[in-house]
Amino acid sequence: MSVAGMYCDDSDVGDLEPWFSGFLLKQHRYIETVFGCDGSYGEGFRYYNFAMHSFARIIPMLDRLFSVDFSAPVTESYRETLWQGIAQEDTLFTFGDSEGYFRGEAQAYWIGGQSGPMNNFAWLVARTKDERLSWLYHTVKVIDTFEEVLNETDDVPRRAPDDLGDVAFFRDVGTVVFRSGWGPDDFLFVFPFGAFL
Numbered sequence: 000m001s002v003a004g005m006y007c008d009d010s011d012v013g014d015l016e017p018w019f020s021g022f023l024l025k026q027h028r029y030i031e032t033v034f035g036c037d038g039s040y041g042e043g044f045r046y047y048n049f050a051m052h053s054f055a056r057i058i059p060m061l062d063r064l065f066s067v068d069f070s071a072p073v074t075e076s077y078r079e080t081l082w083q084g085i086a087q088e089d090t091l092f093t094f095g096d097s098e099g100y101f102r103g104e105a106q107a108y109w110i111g112g113q114s115g116p117m118n119n120f121a122w123l124v125a126r127t128k129d130e131r132l133s134w135l136y137h138t139v140k141v142i143d144t145f146e147e148v149l150n151e152t153d154d155v156p157r158r159a160p161d162d163l164g165d166v167a168f169f170r171d172v173g174t175v176v177f178r179s180g181w182g183p184d185d186f187l188f189v190f191p192f193g194a195f196l
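Just so we're aligned: 24 in numbering that gives the first Met the number 0 is position 25 of the sequence shown, and the numbers increase by one with no gaps anywhere.
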C-alpha cells in the first residue's frame, strides 16, 4: 500500500521498480500456494482470517489502481470454513492452533480488536455478491464496523447452505467433512484426510 501511495509521485523515486513487480510476484505466489481450487485455505481459520485482513486492503487496491486482479483464487475460499462450522452457534471445527469459534478469532487483538466477526470478509461479500458467503458473514456478525462503511454488505441476499448436502471433501488441503444437516443442533465431523497442498 505504501508503494501504491507513492507510485510515480516523485521523479527521483519513479515507478518503484523492481520493488513493485517483486511485491506482485510474491503476492501471486502466496495466493497460488495457500488457496485451494476447491474453496479451501491451507491453514486454520486464525491464519485464513489474518490473510483476509491483508487481502481486504491489498486486492481491491491493486485492482482499482493498477488493474491487477488477484481475487479469483480467493472468491470461494470461504467454502471450507462454511462447511467446518456451525455458524449459528459460533462454533468452528478447525485445526492447528486456531480456536473453535468464529467471533473470537475475528476479534483477536493482533488482527484488530475493534473489528466485528468476519469483518475481513466484507470486501469479498460486496465484490462477489455470493449469497452463501453473505449468509455466513451475517450469521456471525454482531455489530457494524468500518468495513461496512467501505463495503456494502447488507444489500447482498443471504442463502442458507441447507441444499449443499452432507459430505464435502476438500482435496487440496485434505479435509473431509460429514454433516447430518445445517441446523445448530446437527452432527458435524471434520478430519484431515489425504494430501495437504
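We put the beta carbon where it would ideally sit given N, CA and C, even for glycine.
Where the alpha helix (DSSP H) containing residue i begins and where it ends
i      : result
Val183 : For clarity, residue 183 is Pro in the given sequence; the question names Val instead. Run containing Pro183: none; DSSP gives neither H nor E here.
Phe130 : In the sequence on display, residue 130 carries Glu and not Phe. Glu130 -> alpha helix (DSSP H) spans Glu130 to Val139.
Leu149 : Phe145 to Leu149
Gln83  : Arg78 to Gln83
Arg63  : Phe44 to Phe65
Arg203 : Lying outside 0 to 196, the shown extent of the chain, residue 203 is not represented and no answer is given.
Gly4   : Ser1 to Met5
Of the listed residues the options, nearest to residue i (C-alpha basis)
i      : options                         : result
Leu123 : Phe94, Asp185, Asp153 and Ile85 : Asp153
Glu147 : Pro191, Ala125 and Pro160       : Ala125
Thr93  : Asp184, Phe186 and Val176       : Val176
Gly173 : Leu15, Val33, Leu24 and Ala3    : Val33
Asp184 : Asp89, Asp11 and Asp9           : Asp89
N- and C-terminal bounds of the beta strand (DSSP E) containing residue i
i      : result
Val166 : Val166 to Phe169
Exposure of residue i, with buried meaning 16 or more beta-carbon neighbours within 10 Å
i      : result
Gly182 : exposed
Met117 : buried
Asp129 : buried
Gln87  : exposed
Lys140 : buried
Gly84  : buried
Three-state class that DSSP yields for residue i in the structure shown
i      : result
Leu24  : helix
Leu163 : helix
Gly112 : Reliability of the predicted coordinates at Gly112 is poor, the pLDDT of 47 falling under 50, and no value is obtained from them.
Thr152 : coil
Whole-Å CB distance - residue i paired with residue j, under 8 Å assumed
i      : j     : result
Asp239 : Ser39 : Nothing can be reported for residue 239, as the shown portion of the chain is limited to 0 through 196.
Thr80  : Tyr46 : Incorrect: roughly 12 Å between the Cβ atoms, too far for contact.
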